[in-house]
Amino acid sequence: MKRLILFATLINALCGLTKAAEKPNIIVFLSDDHGMLDSTPYGSTELRTPNMQRLADAGMTFTHAFIASPSCAPSRSAMLTGLMPARNGAENNHTFKRDDVASLPDVMRKLGYETAAFGKVAHGKDVARHGFDVFDAGKGDAVAQAAKFLKGRDASKPLCLFVGSHHPHAPWTDLEGYDPAKVTLPPKFVDTPETRDFRARYYTSVTKADTELGAVMDLAKQHFDPANTLVIYTSDHGAQWPFGKWNLYDTGIRVPFLAAWPGVIKPGSSTGSQVQWIGLWPTLIEAVGGTVPTGIDGRSFLPVLRGEKSAHREVIFTTHSGDQEMNVYPIRALRDGDWKFILNLHPEFAHTTHIDKSPTRSGLPYWTSWYEKAKTDTAAAAIVKSYPERPAVELYHLRADPAELHNLATDPVQAERVSAMRARLEA
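Its first residue numbered 293, the sequence shown is counted upward by one per residue in the working numbering.
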């Protein structure tokens with residue numbers, strides 16, 4: 293009898309070791325142009341994002357996650373290469389990584405993983421060049437494509453799956469269940485009926501992204517062992533609102549980042565550690581037992597996920613160059629603790645984007661209502677003027693001024709800080 297008990301104990305131990313040695317399946321769900329504050333895990337009481345909340349409850353909420361650049365192509369290429377835009381080749385929007393730059397799928401494949409991407413993961417045709425084993429970058433139903441793939445695949449290999457939503461990217465065409473009169477507008481917005489209408493439509497699109505996230509989470513439960521699956525939700529940059537996307541204010545560079553991994557990440561936890569999208573690649577490699585390549589800009593934040601560390605990056609560098617069409621305005625920024633330093637390389641240029649340059653083409657004609665109100669409202673006029681006209685240097689104390697409304701760069705008290713942060717940024 294004792295021998296039987298010892299034998300059973302040994303078998304259980306071996307099974308436990310085998311399970312522990314199994315590589316986790318990884319699912320990364322990406323939304324498109326979603327501002328960090330616009331979901332319930334980040335304090336919103338207006339938006340319906342139950343699945344984002346479900347993921348946050350199951351895992352960790354990052355309150356200080358940042359992208360490398362606030363436009364689609366450079367942000368996504370940085371995520372998939374672990375390199376800042378100037379180093380991977382995709383510096384302007386609508387450009388792509390260089391052929392000699394390795395991508396995450398290359399490394400994951402060598403670690404025994406199958407890789408797949410459905411929907412908007414990389415930017416346009418660049419998804420093929422990143423080397424996913426299976427991909428479909430069309431504008432069809434990415435969740436349905438992922439479901440079909442999971443149903444038919446050989447599950448003998450662990451999987452690294454990316455699913456990209458096109459929500460809440462503009463244009464925002466639908467209005468479902470949100471009252472424009474009741475939405476709260478950020479401080480840098482001009483309050484007009486048109487703005488409120490489109491804000492409610494943006495909320496609708498966020499909820500659609502949340503619904504897709506929920507469907508992907510359900511697929512994960514259906515096809516994988518929940519105890520051995522890492523699920524991540526994040527977005528490529530802030531929303532396409534003035535001072536958001538295409539800008540280095542926090543509304544452009546600070547994004548939602550939620551991660552759940554039973555037995556590894558503490559449920560319902562939160563961290564203020566500064567992490568960046570260039571760190572996702574090394575984090576996933578380390579999470580599956582691989583060796584992080586040298587020479588990349590990203591650093592693994594796996595110890596933060598495991599609760600072993602409460603701090604990560606000391607500073608955050610971000611960059612924006614433009615898209616060579618309506619948006620040519622190079623900006624560089626350094627975020628150090630409570631301070632943000634922004635360097636506008638060509639302040640003589642006008643900061644323009646699709647929002648103000650071609651509002652009809654963008655499907656966002658609310659901008660014209662800002663101009664109209666600015667004719668008779670001094671506060672509106674100040675906001676409208678501050679969008680195209682930027683000083684060479686900007687400095688904000690983020691704890692006291694989270695909306696980045698008060699530029700302290702010309703304050704004599706901050707002269708030494710401006711000089712030091714500028715030198716560090718330029719270096």
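Ideal Cβ positions, reconstructed from N, Cα and C, are used throughout, including at glycine.
Quick one: any contact between the region 401-410 and the region 639-652, if contact means 3 or more CB pairs under 8 Å? no
Limits of the unbroken alpha helix (DSSP H) element including W573: Looking up residue 573 in the sequence shown gives position 281. Element bounds for W573: L572 to A579.
Grab me the residues of F427's own chain with a C-beta within less than 8 Å of its C-beta, minus the 5 sequence neighbours each way, in chain order. Locating residue 427 in the sequence shown gives position 135, counting from the first residue. Cβ neighbours of F427 beyond the five flanking positions: A408, A409, F410, V413, V419 and A420.
Residue range of the alpha helix (DSSP H) that A438 falls in? Position 146 of the sequence shown, counted from the first residue, corresponds to residue 438. Counting along the chain, the alpha helix (DSSP H) containing A438 begins and ends at A434 to G444.
Between the Cα of T484 and those of T503, L717, R709 and E664, spot the shortest distance and give me the residue it belongs to. Working through the sequence shown from its first residue, we reach residue 484 at position 192. Among T503, L717, R709 and E664, the Cα nearest to that of T484 is on E664.
Output the boundary residues of the alpha helix (DSSP H) element that contains K402. By 1-based counting over the sequence shown, the position of residue 402 is 110. From DSSP, the alpha helix (DSSP H) with K402 extends over L396 to K402.
Less than 8 Å between the C-beta atoms of L511 and Y525, yes or no? Here residue 511 is taken as the residue at index 219 of the sequence shown, counted from 1. Here residue 525 is taken as the residue at index 233 of the sequence shown, counted from 1. Going by C-beta atoms, L511 is not nearer than 8 Å to Y525.
Could you tell me the distance, in whole angstroms, from the CA atom of H422 to the CA atom of T373? Residue numbering aside, residue 422 sits at position 130 when the sequence shown is read from its first letter. Residue numbering aside, residue 373 sits at position 81 when the sequence shown is read from its first letter. One C-alpha to the other measures close to 9 Å.
Please classify M713: is it buried, with 16 or more other beta-carbons within 10 angstroms of its beta-carbon, or exposed? Counting from one through the sequence shown, the residue named residue 713 turns up at place 421. Buried is the call here.
Where does E696 land, buried or exposed, given buried means 16+ other C-beta within 10 angstroms? For the purposes of this step, residue 696 is taken as residue 404 along the sequence shown, with counting starting at 1. Under this definition E696 is a buried residue.
Output yes or no for whether 8 Å exceeds the beta carbon distance between P366 and A382. By one-based count along the sequence shown, residue 366 stands at place 74. By one-based count along the sequence shown, residue 382 stands at place 90. Contact flag set, yes.
If you follow the alpha helix (DSSP H) that M328 is in, where does it begin and where does it stop? Taking the first residue of the sequence shown as 1, we reach residue 328 at position 36. Looking at the DSSP string, M328 is not in any alpha helix (DSSP H), and its letter there is neither H nor E.
So, are the CB atoms of V498 and S654 less than 8 Å apart? Sequence index remark: in the sequence shown, residue 498 carries index 206 (1-based). Sequence index remark: in the sequence shown, residue 654 carries index 362 (1-based). No, they are not a contact pair.
Pick from R493, R546, H638 and T611: whose alpha carbon is nearest that of N384? Here residue 384 refers to the residue found at position 92 of the sequence shown. The candidate whose alpha carbon is nearest that of N384 is T611.
Among S448, H326, T387 and F441, which residue has its Cα nearest to the Cα of A357? Here the question's residue 357 lines up with position 65 in the sequence shown. When each option's Cα is compared against that of A357, the closest is H326.
DSSP state of Q514 mapped onto helix, strand, coil: One-based indexing of the sequence shown puts residue 514 at position 222. Q514: helix per DSSP, three-state reduction.
Identify whether D628 lies in helix, strand or coil by the three-state DSSP scheme. To locate residue 628, count along the sequence shown from 1; it is residue 336. In the structure shown, D628 sits in a strand (DSSP, three-state: E or B).
Go ahead and pull the three-state DSSP assignment for V482. Within the sequence shown, the letter at position 190 stands for residue 482. When DSSP states are grouped into helix, strand and coil, V482 belongs to the coil group.
Taking the runs of the beta strand (DSSP E) that are 3 residues or longer, which of them lie wholly in the region 606-675? 607-614, 620-628 and 631-636
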